[in-house]
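Shown next, in structure tokens, is the structure this report addresses.
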Amino acid sequence: MNTRTAPSRRRLTAIIGVALLAAAITGSAVMIGQQSLASASVAPQLSAASLTESDGVIRDEGAVSVFDEVPAVTNLDADLLAAVRSAATAAELDGVRVHVNSGWRSAAYQQVLRQDAVIEYGSAEEAARWVATPENSEHVSGDAVDLGPVAAQDWLSRNGAEFGLCQIYANERWHFELRPAAVANGCPLMYDDPTAEPRTQR
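In my numbering, the protein residues as written are 13 to 214.
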């Protein structure tokens, strides 16, 4: 037995052990840091309970007319609102009342709707067919309005072009936007859903 090499081997083993321990601690710190960064990058989940009328929320379907002075209506684009009110006045002469199911929305409100859609439809891709992100939503910009009831949607599908009001998506018969050229040329063909429109991909 070489008595001189035994302590050296013990020292070498100790040094290797310390190095491995240090590497393990460093690796754990890196993983914790990465997890912290990942958590920080996830958008916070907003609660519908925190939203109010000032966000454009309409609690009861059919309760708000196009003439009401509420944020969901008054924060719409001025030209769109004027067209909707003119169309609603004409529809009333035919015995059809037009109400607003959803109009202008705050970005926070749109984010809640998007979150709910992802849960309901199971993926962000499917949810995109029904609810836009706050960045792409025409409701957030005040350029879209959802109108009801079905009788009003039918009336507007036949007569809306006279006022520049067009249905944009085949899967959302309630969604109307202003297309001024429709007064002379009629409404353009509808997209199957929002994912088929280049504008929503910006």
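Here a beta-carbon is modelled for each residue, glycine too, at the ideal position from N, C-alpha and C.
Residue i (DSSP reduced to helix, strand or coil)
i	result
residue 116	coil
residue 160	strand
residue 170	helix
residue 79	coil
residue 211	helix
residue 177	strand
residue 52	Any answer about residue 52 is weak, because its pLDDT of 36 lies below 50 and its placement is not dependable; what the coordinates show is given next. The answer is helix: DSSP assigns residue 52 an H, G or I state.
Beta-carbon proximity of residue i to residue j, cut-off 8 Å
i	j	result
residue 84	residue 74	no
residue 76	residue 164	no
residue 210	residue 181	no
residue 154	residue 89	yes
residue 92	residue 157	yes
residue 168	residue 188	yes
residue 82	residue 104	no
residue 166	residue 183	no
Opening and closing residue of the alpha helix (DSSP H) in which residue i lies
i	result
residue 97	90 to 105
residue 137	136 to 139
residue 194	194 to 197
Residue interval of the beta strand (DSSP E) (run including residue i)
i	result
residue 184	184 to 190
Stretch-stretch touch, CB-based, cutoff 8 Å, three pairs: the segment 128 to 145 with the segment 159 to 177: Below 8 Å, too few C-beta pairs join the segment 128 to 145 and the segment 159 to 177 to call them touching: fewer than three.
Indicate whether the contact test is met: 3 or more Cβ pairs, each with one atom in the segment 100 to 118 and one in the segment 154 to 172, closer than 8 Å. yes
Evaluate contact between the segment 146 to 154 and the segment 190 to 205, counting only Cβ atoms and requiring at least three cross-stretch pairs below 8 Å. No, they do not touch.
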